[in-house]
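Using our numbering, the letters of the sequence shown correspond one by one to residues 2 to 380. Written out below as structure tokens is the structure these notes cover.
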Amino acid sequence: MNTKTGLLRLPLYTGLILLCHSSVIFKLYSQQASNASLKETFAADFLIGTALNSRQIKATDGAELQLIQGQFNAATPENLMKAQLLQPQWNRYEFEEADRFIAFATKHNMKINGHALIWHSQLPRFMQQMEDVDSVRQYFVRHIRTVAGRYDGKVDSWDVVNEALNEDGSLRNSIFLRVLGEDYIVEAFRLAQEAAPNTKLYYNDYNIEQPRKRAGAIALIKKIQAAGVRIDGVGIQGHWHVGRVPMEHIEQSIRAFSALGVEVMFTELDLSVLPNPLGGNTAEVSRTAKYNKQLNPYPDGMPDSVQRAQAQAYEELFRLFLKYREEVTRITLWGVHDGQSWLNNWPVRGRTNYPLLFDRQMVPKTAFYQVLKSKSPGN
Ligand code: 9MR
2 MNTKTGLLRL PLYTGLILLC HSSVIFKLYS QQASNASLKE TFAADFLIGT
52 ALNSRQIKAT DGAELQLIQG QFNAATPENL MKAQLLQPQW NRYEFEEADR
102 FIAFATKHNM KINGHALIWH SQLPRFMQQM EDVDSVRQYF VRHIRTVAGR
152 YDGKVDSWDV VNEALNEDGS LRNSIFLRVL GEDYIVEAFR LAQEAAPNTK
202 LYYNDYNIEQ PRKRAGAIAL IKKIQAAGVR IDGVGIQGHW HVGRVPMEHI
252 EQSIRAFSAL GVEVMFTELD LSVLPNPLGG NTAEVSRTAK YNKQLNPYPD
302 GMPDSVQRAQ AQAYEELFRL FLKYREEVTR ITLWGVHDGQ SWLNNWPVRG
352 RTNYPLLFDR QMVPKTAFYQ VLKSKSPGN
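What follows is the structure, given as structure tokens:
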């Protein structure tokens with residue numbers, strides 16, 4: 002007897018019982034799922050982090066705080082430990098926000114990744130026009146010593162150097178390269194190691210899963226190691242697009258980086274669902290495009306098909322992360338929920354993007370459940 006005709010033959014009351022039963026099961030499932038926690042689910046595998054902004058660390062209650070407490074066990078300051086904010090004027094530091102961030106993360110038992118000591122972007126204004134060699138050198142040495150020194154033992158790790166590479170693997174033409182020469186990266190790690198002996202030291206960049214840029218990152222890590230300087234890990238940022246997640250390159254990169262004896266992390270994960278007028282997967286913040294309606298196709302909500310495609314992409318990624326759970330130590334999502342994401346304003350201002358695991362109402366998305374599924378037995 003085929004099931005369909007069999008079901009049709011069931012008496013009405015049996016059908017009703019089945020219906021009630023399935024709604025109870027669904028209720029139980031969603032209750033369980035809404036209590037589900039990323040950090041608990043992956044506790045034996047890797048840390049689950051998020052990027053936090055100044056508003057979020059001031060919260061003393063509310064849904065967002067609950068989400069942060071319940072879901073994440075690692076935190077990266079989205080902006081507030083960048084040089085522009087820590088040292089707004091020459092040799093004048095402002096630590097209040099950063100201290101508040103550290104107090105918040107410590108209170109909620111989150112591992113803290115400082116971001117970032119040396120980065121060509123979001124530099125203090127006085128550095129943007131700086132040409133004097135001695136002053137650049139002085140800034141470079143003093144910023145690392147002061148900031149890394151102050152937070153040694155308070156943060157768990159630092160992105161010591163951020164985004165120093167071009168897409169072809171060569172060194173980016175930044176103020177540091179121009180003025181200090183190509184050894185500046187080794188020097189940054191050396192200074193950080195001296196100032197922060199109890200802090201892990203990482204190199205962080207986007208697109209370094211791509212073969213040419215990856216080769217550049219490998220060369221850089223080897224150079225630091227060959228100089229006898231400590232580097233503990235490498236962060237692949239992970240700003241990707243649904244439908245274009247470079248799975249093979251990611252897997253090759255996990256293998257290649259871990260073969261160098263360093264931790265591998267995914268440090269700024271988000272999966273955009275909007276068209277990228279710049280093409281490619283990039284997080285080059287200086288490149289932008291003009292708004293038009295075609296570039297903002299889902300202003301009122303994410304269609305189901307897109308929701309499902311994104312969930313599938315996230316699940317595949319987490320399966321890969323789990324396969325390399327010995328090598329991968331942290332997965333950080335770049336924001337808590339879709340409303341917070343930088344991708345609402347980059348590379349086009351004023352769009353509605355949906356790149357994270359929680360929606361604007363802080364409700365878990367299909368992608369959240371599917372990420373949890375990557376862990377379920379039999380998978
Ligand atoms: O998410 C950050 C956004 O709020 C800032 O406006 C932007 C400015 O540069 O930086 C964003 O974070 C970047 C991170 O610090 C480094 N990698 C790329 C991230 C996205 O641009």
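Heads up, the beta-carbon is just placed ideally off N, CA and C, and yes, glycines get one too.
From residue i to residue j, what does the alpha carbon distance come to, in whole angstroms?
i    : j    : result
N74  : K112 : 6 Å
F369 : G71  : 14 Å
Q139 : A218 : 26 Å
G154 : N199 : 6 Å
Q238 : F267 : 5 Å
T333 : I251 : 15 Å
Q313 : N205 : 26 Å
V274 : D133 : 44 Å
E328 : L261 : 11 Å
S259 : S287 : 31 Å
E95  : R151 : 12 Å
Y30  : T61  : For Y30, the predicted model reports a pLDDT of 45, less than 50, meaning its position is unreliable and no value from the coordinates is stated.
K324 : M248 : 13 Å
Tell me which residue opens and which closes the alpha helix (DSSP H) that residue i is part of.
i    : result
P212 : P212 to A227
R146 : V134 to Y152
M324 : The question names Met, but residue 324 in the sequence shown is Lys. Per DSSP, K324 belongs to the alpha helix (DSSP H) from D305 to K324.
L66  : A64 to Q72
A117 : Per DSSP, A117 belongs to no alpha helix (DSSP H); it is in the beta strand (DSSP E), K112 to W120.
S171 : Run containing S171: none; DSSP gives neither H nor E here.
N243 : Per the sequence shown, the amino acid found at residue 243 is Val instead of Asn. No alpha helix (DSSP H) holds V243; DSSP gives it neither H nor E.
Could you give the first and the last residue of the continuous beta strand (DSSP E) run that contains residue i?
i    : result
K108 : Run containing K108: none in the beta strand (DSSP E); it sits in the alpha helix (DSSP H), E97 to K108.
W367 : The question names Trp, but residue 367 in the sequence shown is Thr. Here T367 belongs to no beta strand (DSSP E); instead the alpha helix (DSSP H) covers T367 to K374.
A75  : A75 to P78
I209 : I209 -> no beta strand (DSSP E), and no H or E assigned at all.
E264 : E264 to S273
State the CB to CB distance for the pair residue i and residue j, rounded to an integer number of angstroms; the pair is presumed to be in contact (CB under 8 Å).
i    : j    : result
V148 : I186 : About 17 Å separates the two Cβ atoms, so there is no contact after all.
T330 : F47  : 5 Å
D160 : N114 : 7 Å
I58  : R101 : 6 Å
T367 : N297 : The pair is not a contact, with the Cβ atoms about 21 Å apart (cut-off 8 Å).
L192 : R146 : 6 Å
H240 : N277 : Incorrect: roughly 10 Å between the Cβ atoms, too far for contact.
Hey, does residue i have any beta-carbon neighbour from chain D nearer than 8 Å?
i   : result
Q90 : In summary, chain D is missing from the structure at hand, where a single protein chain is found.
Ligand 1: which residues have Cβ under 7 Å from any of its heavy atoms, chain order? A52, E79, N80, K83, H116, A117, S122, Q123, N163, E164, Y207, Q238, H240, E269, A284, V286, W335, W343 and W347
Say whether the stretch 200 to 216 touches the stretch 173 to 184, bearing in mind that this needs 3 or more beta-carbon pairs closer than 8 Å, one atom from each stretch. no
contact_flag[the stretch 329 to 347, the stretch 57 to 71] where n(CB pairs < 8 Å) is 3 or more: yes
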